[in-house]
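Here's the structure, in structure tokens; my notes come after.
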Amino acid sequence: MPPVQNFVRAEMLSSGYLIRPCEGGGLILHIVDHMDLELCRAVWLLYMEAMSFPWLD
Numbered sequence: 001m002p003p004v005q006n007f008v009r010a011e012m013l014s015s016g017y018l019i020r021p022c023e024g025g026g027l028i029l030h031i032v033d034h035m036d037l038e039l040c041r042a043v044w045l046l047y048m049e050a051m052s053f054p055w056l057d
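Once you know that position 22 of the sequence shown is 22 in the UniProt record's numbering, the rest is easy, because the numbers rise by one and skip nothing.
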């Protein structure tokens with residue numbers, strides 16, 4: 001898979017740290033104190049609703 005511009009793979013730890021690689025080596029550590037996942041839940045519900053309609057296959 002070719003690399004995608006402006007997209008960086010990162011790892012979110014349960015402790016609230018987001019770790020992502022740096023260009024040229026090393027890591028960047030972000031401390032996340034709040035994360036709002038409401039939009040993600042809404043998108044997931046829309047996806048699940050779409051999967052329940054057989055004519056969309």
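Even glycine gets a Cβ: it sits at the ideal position worked out from N, Cα and C. Computed from a predicted structure; not experimentally measured.
Please state whether DSSP places residue i in a helix, a strand or coil.
i	result
L13	coil
So, for residue i: in the same chain, excluding its five sequence neighbours on each side, which residues have a beta-carbon less than 6 Å away from its beta-carbon?
i	result
M12	L18
H30	L18
Between the alpha carbons of residue i and residue j, how many angstroms are there, rounded?
i	j	result
S14	E23	25 Å
A42	D33	22 Å
W44	M51	11 Å
M16	L46	Per the sequence shown, the amino acid found at residue 16 is Gly instead of Met. Whole-angstrom Cα-Cα distance: 28 Å.
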